[in-house]
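First up is the structure itself, then whatever we jot down about it.
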Amino acid sequence: MNKEELKTRLQELLPSPAFEEGAEWTTVVTDPAGWEGFAWDLRGAEGLDLDYLFCVTAIDWKTHFMMVYHLTSTVYRHTVVVKVKLDHDDPVIRTVSDIWRTAEFHEREAFDLFGVVFTGHPDLRRLFMTDDWKGWPLRKDYEDPVNMIKL
Amino acid sequence: MIQEVGTTEQGDLVINLGPQHPSTHGVLHLVITISGETIKKVEPHLGYIHRSIEKMCESLSYRQFIYVTSRMDYLSSHINNHGCALCVEKGMQIEVPARASVIRVLMDELTRLASHQLWWGAMAMDVGALTPFFHAFREREAINDIMEETCGARLTMNYMVPGGVMADIHPDFQKRVKEFIRFFRTKIDEYDELVTGNIIFKSRMKGVGYLSPESAVSYGCTGPTARGSGVSCDIRKLYPYEVYGQLKFDEVTAAGGDCFARYMVRMQEMRQSLSIIEQLIDNIPAGEFLAKTKAVLKLPKGEFYSRVETARGEFGVYIISEGGTTPYRIKFRSPGFSNLSALDHMARGHKIGDLVAIMGTLDLVIPDIDR
């Protein structure tokens, strides 16, 4: 599907989608409520079949967090980017590791470095940092006087 | 915290492989639950070489951050640099000169060869054959010498920069590469005679570590790991960059899904890389090797994503820019990270010795996973 067709299809699945213009791929912004159902639709809905989640990451925008999911269909070769806006004080989102298995590690990374909590995740622990590490290193307000060198 | 040593309630033994172990090729730590010799669970522990490169990049300029990326997948450092340069060029809309484009592809393919050579030697060593390691390193040395002449480095190249390449190729480059191709064509047949047909090797590899095409996609596996399961995922073919679209080469896939299929994919890929280099080595266009760019690079506000095919799979660079001289956030989608996540799925039910073979065919580079 091309960009316009993808937009139309996504509009059918999501009540009031917000699209970001000017991006390379069709980019849709949504909120964590209803994310679970929408994620299942992205994976399984007729004509979408987005089976390959190739990049999952979080962005700290200081006022809110943005979870970004890059999805491609290995059948149709179209790409959709989904962004989910999370509250900065309480970033909680439902896991998608049961839909795309690769999300299990990627979500652990986002939890480890941003402190985003994924409900329903089978094994939500720190991935790179030690278990007793304090703080979330990739957040913009993170300070570490020992290990960080300011340039 | 998970249990790291001892016996579980079911009477299974929990043992550790690594972080200091010859078969993990770096500081990978696996906590393995075994019942007798049979693996019930594999739990990778990461972070021993985590340098938080993504955080570092937030305070480095668009010319500087490329140097750090050589330190991720150090066996594909050219290709890492390439992915980053492509992303900056996409944002700045810089046109790369034709000469630079061809040099980049040549370097990428030489890197892929060198990486696969090291993998082949280490792979054979993992399953108990020590000799191939020395063969592989002898041939790899020839590529390193070629790289050294042009780039001044043997491992962390930092040769590709936004706008092209840092310096023109060495006057002897074409001659040396042609010599290498002649030399390596005979050696790769020798590789096959030495290892591929070996009955012990085959029995260690066949039917071990099966990964179905559906699982490969779901786990986000790319590169030879996924292509060994018959999944077409070569970025060079699907989303051609530089001159890959004009070249004649095949995307190598194998249907087996086991260790031997992944092994065969890499062996064939080496031949494809040789063919790509042969097509280009006499056709390097004359002209500039570096486009004229501003001294200070500023990416416009927005998001840019570029993807390249490293020796291990799809490498993605995702830059979020606020319009400044440094990225607001940068994310590296490393192929090894996703490939490793499938290890538990592939290893369950096999013996400990097979785990080493499976890890070998995943071709893990730990700094690429930890970043």
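For the record, the sequence lines run as chains A and B. Each residue of the first sequence is one higher than the last, beginning at 1 in the numbering used here. Each residue of the second sequence is one higher than the last, beginning at 1001 in the numbering used here. In this text, a Cβ means the ideal position worked out from N, Cα and C, and glycines have one as well. In this text, all values refer to a predicted model and were calculated from it rather than measured experimentally.
Between the alpha carbons of B/Ile1277 and A/Gln11 lies a distance of about 47 Å. By the Cβ rule, the stretch 32–43 of chain A does not count as touching the stretch 1313–1327 of chain B, because fewer than three pairs are nearer than 8 Å. Closer than 7 Å at the C-beta level to chain A, one finds these residues of the stretch 1328–1342 of chain B: Arg1329, Lys1331, Arg1333, Phe1337, Ser1338 and Ser1341. In the structure shown, the three-state DSSP call for A/Val82 is strand. For B/Ser1115, the nearest beta carbon of chain A is not closer than 9 Å to its own beta carbon. Each residue's CA atom was taken as its position, placing B/Tyr1239 and B/Arg1266 some 20 Å apart. Assigned with DSSP and collapsed to three states, B/Glu1179 falls in helix. Boundaries of the beta strand (DSSP E) around A/Cys55: Tyr52 to Asp60. Beta-bridge pairing by DSSP links B/Pro1019 to no other residue. For chain A, the residues of the stretch 1044–1058 of chain B that bring a beta carbon within less than 7 Å of one of its beta carbons are Leu1046, Gly1047, His1050, Ser1052, Glu1054 and Lys1055, in chain order.
Assignment of beta-bridge partners to B/Ser1321 by DSSP yields B/Gly1302.
For B/Ile1015 against B/Ile1039, the beta-carbon gap comes to about 10 Å, at or over 8 Å, which does not count as contact. Under the three-state reduction of DSSP, B/Ile1169 is assigned to coil, being neither helix nor strand. According to the DSSP assignment, B/Phe1332 belongs to no alpha helix (DSSP H) but to the beta strand (DSSP E) extending over Arg1329 to Arg1333. Taking B/Phe1183 as reference, the option from B/Glu1141, B/Pro1213 and B/Ser1218 with the minimal CA-CA separation is B/Glu1141. Per DSSP, B/Ser1275 is one residue of the alpha helix (DSSP H) stretching across Cys1259 to Ile1281. Under the 9 Å criterion on CB atoms, B/Glu1309 is classed as non-interfacial with respect to chain A.
Chain A places no beta carbon closer than 9 Å to that of B/Phe1249, leaving this residue out of the contacts.
Within chain B, no C-beta atom comes less than 8 Å from the C-beta of A/Arg94; the nearest is roughly 18 Å away. Within chain B, the residues placing a beta-carbon under 8 Å from that of A/Glu104 are Ser1341, ordered along the chain. Under the three-state reduction of DSSP, B/Leu1110 is assigned to helix. Residues of chain B whose Cβ lies closer than 9 Å to the Cβ of A/Gly22 are, in chain order, Gly1302. Ranked by how close their Cα comes to the Cα of B/Leu1343, the residues A/Lys140, A/Glu104, A/Trp35 and A/Gly34 have A/Glu104 in first place. At a C-beta separation below 8 Å, B/Asp1370 has these neighbours in chain A: Phe128. Taken atom to atom, the span from the alpha-carbon of B/Leu1013 to that of B/Ile1032 is near 8 Å. Residue state for A/Asp90 is assigned as coil, using DSSP reduced to three classes. Contact fails between the stretch 1102–1115 of chain B and the stretch 1324–1344 of chain B, because fewer than three Cβ pairs, one in each stretch, are under 8 Å apart.
Under the DSSP assignment, B/Ser1215 falls in the alpha helix (DSSP H) whose first and last residues are Pro1213 to Ser1218. Of all alpha-carbon atoms in B/Glu1058, B/Lys1090 and B/Gly1026, the one lying nearest the alpha-carbon of B/Pro1300 is that of B/Lys1090. The beta-bridge partner set that DSSP reports for A/Thr72 consists of A/Tyr52 and A/Thr79. When the beta-carbon positions are compared, B/Val1365 and B/His1082 stay at least 9 Å from each other.
For B/Lys1055, the enclosing alpha helix (DSSP H) has its first and last residue at Ile1053 to Cys1057. In the displayed model, B/Ile1039 falls within a strand according to three-state DSSP. Looking at the DSSP output, B/Arg1307 sits in a beta bridge with B/Gly1316. With a threshold of 16 other beta carbon atoms within 10 Å, A/Leu127 meets it and is buried. For A/Phe111, the uninterrupted alpha helix (DSSP H) run begins and ends at Ala103 to Phe114, by DSSP.
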